[in-house]
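Report on one structure; see the data block that follows.
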Amino acid sequence: MKKSLKNELIGVLCHTEENGLFTMCSGGQRLSEQEVRSDQRYDSAPTGCSPLLRVIISLCIGLLFCILGVVSYTTFAPILEQQVKANLVIDPSNEVFESWQEPPITINVKMYLFNYTNPEKILAGLKPTVDELGPFVYRERRQKVNITFNGNGTVSYRQIVSYDFLPHLSVGNLDDELFTLNVPMIGSAYKNRKALLNEESMMAHTIEELFEKHNQTFLIQRKVRELLFEGYQDPLLRVAKEMGWSSSTRFGYQVNRNNSDDGIYTIYTGEEGMENYGTVDSWDGKKRVLAFRRSCSFINGTTGEMWPPYTLTRQTPLVFFVSPICRSLRLDFLCNETVKGIRALRYHLSQRLFDYSIKENQCFCTKKKGKDPECFPNGLLDLNRCQPDAPIVASLPHHLYAASSVSEAVDGLSPDPELHEFFMDVEPTMGIPLRVSARLQLNVIVDAFKYFKQFQVFKKRVFLPTFWTETTAMINDDIAFKIRLVTEDLANYVTFAALAWVLIGLIVIICTFGYVIAYTRRSVRLIQKIYVDYNSIWDISNPDPSFLKDRLVF
19 MKKSLKNELI GVLCHTEENG LFTMCSGGQR LSEQEVRSDQ RYDSAPTGCS
69 PLLRVIISLC IGLLFCILGV VSYTTFAPIL EQQVKANLVI DPSNEVFESW
119 QEPPITINVK MYLFNYTNPE KILAGLKPTV DELGPFVYRE RRQKVNITFN
169 GNGTVSYRQI VSYDFLPHLS VGNLDDELFT LNVPMIGSAY KNRKALLNEE
219 SMMAHTIEEL FEKHNQTFLI QRKVRELLFE GYQDPLLRVA KEMGWSSSTR
269 FGYQVNRNNS DDGIYTIYTG EEGMENYGTV DSWDGKKRVL AFRRSCSFIN
319 GTTGEMWPPY TLTRQTPLVF FVSPICRSLR LDFLCNETVK GIRALRYHLS
369 QRLFDYSIKE NQCFCTKKKG KDPECFPNGL LDLNRCQPDA PIVASLPHHL
419 YAASSVSEAV DGLSPDPELH EFFMDVEPTM GIPLRVSARL QLNVIVDAFK
469 YFKQFQVFKK RVFLPTFWTE TTAMINDDIA FKIRLVTEDL ANYVTFAALA
519 WVLIGLIVII CTFGYVIAYT RRSVRLIQKI YVDYNSIWDI SNPDPSFLKD
569 RLVF
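Sequential numbering of the sequence shown, starting at 19, is according to our numbering.
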């Protein structure tokens with residue numbers, strides 16, 4: 019009876035005296051100690067930590083990594099912006115100050131002159147034909163001097179500009195000769211144009227006699243060096259100086275510009291806020307240039323060397339003041355560019371600037387009382403208002419974007435946006451130009467003076483080209499590395515690190531949940547193993563006390 023009861027038991031509890039643990043016997047057979055230990059390895063950690071504590075610690079570590087990644091990603095940009103703005107302030111203690119004071123980049127100025135190849139035919143009344151000579155390349159160096167920091171967050175200075183000829187980069191020699199316009203003669207006629215329109219004017223006869231006395235002709239032959247920085251002695255300028263009309267007897271397109279400055283600039287340093295950083299506060303003490311009317315007279319924008327950081331977009335035009343033409347220029351967004359691995363926005367001098375049908379441009383036109391504004395043809399910028407009585411207008415090279423009446427008056431011009439457009443590539447985060455190609459052409463206004471012999475060949479006013487310049491600059495590799503590090507590399511590094519931290523955190527969290535699931539399954543299996551159908555045990559009639567005595571020890 020006792021033996022049959024033992025065999026009918028589904029499971030019994032056995033005592034393992036060696037370790038004091040209860041184990042399960044199935045079919046009357048004791049489980050091995052190894053199996054018991056295997057099932058109990060989730061019951062207690064080797065380190066003494068409970069499973070619940072291990073889960074909590076793991077989840078905290080995973081969440082900490084995720085939070086660290088998210089926080090670093092979201093706070094990096096504001097911190098970087100704050101640091102960039104702080105380090106761009108024009109201050110002697112900042113690294114940027116030396117670069118601002120004396121730009122460490124290479125600036126080359128390429129000068130192209132127009133040679134009039136048919137002078138006899140021009141004087142006979144035929145259309146002028148020109149041939150482009152050059153480039154004649156000069157290295158430009160800029161240095162700011164007399165730097166004075168004012169108490170209102172501005173700094174005043176002069177900028178000395180010098181030029182050195184680079185024959186190895188030039189095409190042609192400075193002693194090359196060409197036929198060009200006699201600008202002093204044309205200027206004298208333009209200055210007295212009202213008198214020259216009247217045949218009976220005493221001034222008209224006097225000027226014509228003066229031209230004949232000094233053998234002045236509409237076209238003259240000169241050397242390249244004479245037309246650029248060296249200049250040449252002109253008899254008409256000598257007479258003008260004697261009469262107090264001129265301060266110099268030499269003429270040249272770049273005379274007196276070498277080792278010179280163009281006035282005192284006062285700009286905002288960014289010390290009291292970056293919204294006006296680099297913006298011109300005044301030029302030679304003036305906030306307006308009286309050469310133009312209304313809004314066109316205001317000095318707007320920066321000096322063209324920098325713009326406020328974190329403000330440039332495709333919709334934001336670049337505005338900067340150019341003192342030689344007494345006005346600000348506006349560049350509009352053209353396309354995206356990449357310069358030395360740095361993403362940039364390209365802005366160009368668009369046709370909008372030269373379009374006088376636009377109302378905002380009409381204040382650059384001459385306004386006479388009771389009459390509509392008198393504007394130059396589209397494509398031309400008025401300079402004679404800036405330099406009174408100088409018969410000069412500016413345009414893009416080869417009359418790019420100019421009205422057909424302007425470009426068709428001369429043969430030999432080949433306007434090409436790729437070669438003749440004015441553009442800047444600017445890094446929008448720091449507002450720093452990365453690559454510049456500033457191109458402008460000077461043209462002489464020639465009026466048709468009916469009663470003046472040498473001007474009778476022209477039936478109407480024409481704008482004849484003299485020369486054009488291309489100022490090119492590009493950041494060097496050292497500056498490019500620093501800009502790329504700040505604007506792109508650091509952001510990439512932080513983004514990568516943030517993603518890595520979040521990924522590690524997610525892996526830890528997933529592994530923790532995996533541990534919980536595995537632990538739960540093991541626990542369930544263990545419970546199933548030690549489950550004893552108490553009904554099967556205690557419902558046995560007349561159990562043998564000795565059986566329980568042998569198997570259960572309390």
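C-beta: ideal position from N, C-alpha, C; glycine also. All values reported here derive from a predicted model rather than from experimental measurement.
Could you check which residue in the options has the C-alpha nearest to that of residue i?
{"i": "Leu517", "options": "Ser265, Val73, Gly262, Thr92", "result": "Thr92"}
{"i": "Leu398", "options": "Ser425, Ile108, Asp443", "result": "Ser425"}
{"i": "Phe579", "options": "Gly80, Gln119, Ala222", "result": "A question about residue 579 goes unanswered here, because the residues of the chain that appear run from 19 up to 572."}
{"i": "Asp496", "options": "Ser117, Val89, Phe83, Asn105", "result": "Ser117"}
{"i": "Asp350", "options": "His438, Pro435, Leu371", "result": "Leu371"}
{"i": "Glu506", "options": "Pro69, Thr356, Glu488, Ser455", "result": "Thr356"}
{"i": "Lys377", "options": "Phe339, Ser313, Gly322", "result": "Ser313"}
{"i": "Val307", "options": "Pro483, Gln405, Arg160, Asn136", "result": "Gln405"}
{"i": "Pro409", "options": "Val127, Met203, Lys128, Gly152", "result": "Met203"}
{"i": "Phe269", "options": "Val298, Pro435, Ile238", "result": "Ile238"}
{"i": "Ile75", "options": "Val257, Cys529, Ile140", "result": "Cys529"}
{"i": "Asp402", "options": "Tyr283, Arg345, Lys358", "result": "According to the sequence displayed, residue 402 carries Asn and not Asp. Comparing Cα positions, the closest option is Arg345."}
{"i": "Asn274", "options": "Ser375, Ile178, Leu330", "result": "Ile178"}
{"i": "Val163", "options": "Val155, Tyr156, Arg157, Val173", "result": "Val173"}
{"i": "Leu192", "options": "Ser90, Leu106, Pro253, Lys128", "result": "Lys128"}
{"i": "Asp109", "options": "Leu98, Ile123, Leu86, Gly171", "result": "Gly171"}
{"i": "Asp240", "options": "Ala456, Tyr271, Thr224", "result": "For the sequence presented, residue 240 should be read as Arg rather than Asp. The shortest Cα separation from Arg240 among Ala456, Tyr271, Thr224 belongs to Tyr271."}
{"i": "Glu195", "options": "Leu245, Met448, Gln100", "result": "Leu245"}
{"i": "Trp519", "options": "Pro69, Val73, Leu86, Leu71", "result": "Leu86"}
{"i": "Phe122", "options": "Ser111, Ala498, Ile522", "result": "A small fix is needed here, since residue 122 is Pro in this sequence, not Phe. Nearest of Ser111, Ala498, Ile522 to Pro122, Cα basis: Ala498."}
{"i": "Leu503", "options": "Gly359, Arg540, Val89, Gly152", "result": "Gly359"}
{"i": "Gly322", "options": "Gln459, Thr124, Ser180, Val454", "result": "Val454"}
Report back the beta-carbon spacing between residue i and residue j to the nearest angstrom; my notes put them in contact at under 8 Å.
{"i": "Asp302", "j": "Gly281", "result": "4 Å"}
{"i": "Asn277", "j": "Phe247", "result": "Not really, about 10 Å apart at Cβ, beyond 8 Å."}
{"i": "Ala362", "j": "Glu445", "result": "5 Å"}
{"i": "Val148", "j": "Phe132", "result": "4 Å"}
{"i": "Tyr134", "j": "Thr198", "result": "7 Å"}
Taking the straight line between their C-alpha atoms, what separation do you get for residue i and residue j?
{"i": "Asn200", "j": "Glu392", "result": "26 Å"}
{"i": "Pro96", "j": "Val102", "result": "10 Å"}
{"i": "Leu508", "j": "Pro326", "result": "21 Å"}
{"i": "Ser266", "j": "Pro185", "result": "29 Å"}
{"i": "Leu81", "j": "Leu524", "result": "8 Å"}
{"i": "Phe310", "j": "Ile285", "result": "22 Å"}
{"i": "Ser368", "j": "Asn233", "result": "43 Å"}
{"i": "Val114", "j": "Tyr250", "result": "41 Å"}
{"i": "Val543", "j": "Tyr537", "result": "The question names Val, but residue 543 in the sequence shown is Arg. Looking at the two C-alpha atoms, the distance is approximately 10 Å."}
{"i": "Trp486", "j": "Phe467", "result": "27 Å"}
{"i": "Glu289", "j": "Gln119", "result": "17 Å"}
{"i": "Tyr365", "j": "Val534", "result": "60 Å"}
{"i": "Ser206", "j": "Lys471", "result": "14 Å"}
{"i": "Met442", "j": "Thr490", "result": "10 Å"}
{"i": "Asp400", "j": "Leu437", "result": "23 Å"}
{"i": "Cys43", "j": "Ile545", "result": "Only weak support is given to the placement of Cys43: the predicted model assigns it a pLDDT of 44, under 50, and the value that follows is read from those uncertain coordinates. Answer to the nearest angstrom: the Cα atoms are 14 Å apart."}
{"i": "Val526", "j": "Leu77", "result": "7 Å"}
{"i": "Leu208", "j": "Ala104", "result": "The question names Leu, yet the displayed sequence has Tyr at residue 208. Cα to Cα, the separation comes out at about 52 Å."}
{"i": "Ser50", "j": "Thr513", "result": "At Ser50, the pLDDT of 49 sits below 50, so the modelled position is not reliable and the matter cannot be decided from this model."}
{"i": "Pro146", "j": "Gln161", "result": "41 Å"}
{"i": "Tyr552", "j": "Phe531", "result": "For Tyr552, the predicted model reports a pLDDT of 46, less than 50, meaning its position is unreliable; a value from the coordinates is still stated below. When rounded, the distance between both Cα atoms is 34 Å."}
{"i": "Asp279", "j": "Arg176", "result": "6 Å"}
{"i": "Phe167", "j": "Ala142", "result": "60 Å"}
{"i": "Leu414", "j": "Ser423", "result": "15 Å"}
{"i": "Leu254", "j": "Val298", "result": "38 Å"}
Determine the DSSP secondary structure at residue i, reduced to helix, strand or coil.
{"i": "Ser90", "result": "helix"}
{"i": "Asp57", "result": "Residue placement at Asp57 is poorly supported in this model, since its pLDDT is 48, which falls under 50; the coordinates still yield a value, given next. Here Asp57 sits in helix by DSSP."}
{"i": "Leu347", "result": "strand"}
{"i": "Lys128", "result": "strand"}
{"i": "Gly205", "result": "helix"}
{"i": "Ile238", "result": "strand"}
{"i": "Trp486", "result": "strand"}
{"i": "Glu120", "result": "coil"}
{"i": "Ala362", "result": "strand"}
{"i": "Gly152", "result": "strand"}
{"i": "Ala142", "result": "coil"}
{"i": "Val102", "result": "helix"}
{"i": "Met442", "result": "strand"}
{"i": "Ile493", "result": "coil"}
{"i": "Arg332", "result": "coil"}
For residue i, verify whether its CB is less than 7 Å away from any heavy atom of the ligand FMN.
{"i": "Ile238", "result": "The ligand FMN is not among the ligands present in this structure, which contains no ligands whatsoever."}
Run through the stretch 252-320 for me and flag every whole alpha helix (DSSP H) of 4 or more residues, listed as ranges in chain order. 253-260
Output the residue ranges of the alpha helix (DSSP H) runs that lie fully inside the stretch 495-551 and measure 4 residues or longer, sorted by chain position. 495-502, 508-548
Length-filtered (4 minimum) alpha helix (DSSP H) runs lying within the stretch 382-437: 422-425
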